[in-house]
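*Asks:* At the far end of the sequence shown sits residue 252, using my numbering, and the numbering has no gaps.
All C-beta atoms, glycine included, are put in the ideal place defined by N, C-alpha and C.
Because the structure is a prediction, the values reported are computed rather than measured.
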Amino acid sequence: IEKTLELYKVDKIVEDKIKETEEISEETITEDALQIKPIPAIVIKPKAYLKLAKHALTYANDSIPKRKWVEVIGLLTGRIRNEDTPLEQVFVENYWPVDQGDAVSVEIVNQKIFTEIFHKKDSEHFIIGWAHSHPSYTPFLSGDDYRTHLRYQTFWNKAIALVIDPLMLSPEDYGIGVFRIHQDKQTYYQLSVEVEGLSSEACYESINTFMENHSADS
35 IEKTLELYKV DKIVEDKIKE TEEISEETIT EDALQIKPIP AIVIKPKAYL
85 KLAKHALTYA NDSIPKRKWV EVIGLLTGRI RNEDTPLEQV FVENYWPVDQ
135 GDAVSVEIVN QKIFTEIFHK KDSEHFIIGW AHSHPSYTPF LSGDDYRTHL
185 RYQTFWNKAI ALVIDPLMLS PEDYGIGVFR IHQDKQTYYQ LSVEVEGLSS
235 EACYESINTF MENHSADS
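Laid out in structure tokens, this is it:
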């Protein structure tokens, strides 16, 4: 899937956009930028975010008839920092596309995939959760998603579920939500999140570049 989606191009796109963002930031330091802001519970690396966005948009976008939209699914690898302290953060280092499913729900059923990704990931990272798309339905956990995520939290109680609605992507919105189930297993809650080093506008521009590169080479 990674080869088909040309996800290997993401590193150069991220590098160029971060460099551009840093140059703009140096020239336009605002009062807001100097304020101390609460740290997000979840930090997504640009590479992981763009790979997920590309996967989701490839199978659900305005140029595809809505009846043909499908959800995508993948695994997240990363690390946790300052665990069990007020400064605890989960870092999503990479997104691994796994499959595309029908428009109702998707689930990873092939256990060999977990083993393959475990061996491909960086040695200091581990599987921290999963991600999937909700084309036009906004980010949330459906009943099936909830039951799926319960299994992830059985293996690691801080596992996260990242949901993206590719139709929500805009200069003002990352189009994502990150969720975790309460310890009582009755309800879930949303976690604060940011894409490290890139605003939603910068991410949107990068996604467009990513998609245009794919279209030009196809």
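Would you tell me roughly how many angstroms separate the C-alpha atoms of I241 and L84, rounded to the nearest one?
*Replies:* Their backbone Cα atoms lie some 6 Å apart in a straight line.
*Asks:* Apply the 10 Å Cβ neighbour rule to K37 and answer buried if 16 or more other Cβ atoms are within range, or exposed otherwise.
*Replies:* By the 10 Å Cβ count, K37 comes out exposed.
*Asks:* Would the region 157-169 count as touching the region 197-209 if we require 3 or more Cβ pairs under 8 Å?
*Replies:* These segments touch.
*Asks:* Starting from Y129 and walking both ways along the beta strand (DSSP E), at which residues does that stretch end?
*Replies:* Its beta strand (DSSP E) spans residues 123-134.
*Asks:* Terminal residues of the continuous beta strand (DSSP E) containing E228?
*Replies:* Here the beta strand (DSSP E) through E228 covers 227-229.
*Asks:* Unbroken beta strand (DSSP E) runs of length 3 or more, entirely within the region 182-208: which are they?
*Replies:* Correct list: 194-198.
*Asks:* Quick check on the DSSP output: the beta strand (DSSP E) that includes I78 runs from which residue to which?
*Replies:* Taken as a continuous stretch (DSSP letters only), the beta strand (DSSP E) holding I78 covers 76-78.
*Asks:* Residue range of the beta strand (DSSP E) that I210 falls in?
*Replies:* Where I210 is concerned, the enclosing beta strand (DSSP E) stretches over 210-215.
*Asks:* May I ask you to report which of helix, strand or coil DSSP gives L109?
*Replies:* Of the three classes helix, strand and coil, the one that applies to L109 here is strand, per DSSP.
*Asks:* Following the continuous alpha helix (DSSP H) through F148, name the residue where it begins and the one where it ends.
*Replies:* Where F148 is concerned, the enclosing alpha helix (DSSP H) stretches over 145-154.
*Asks:* Taking V229 as the reference, which of P131, I210, K43 has the closest Cα?
*Replies:* Of P131, I210, K43, the residue nearest in Cα terms is I210.
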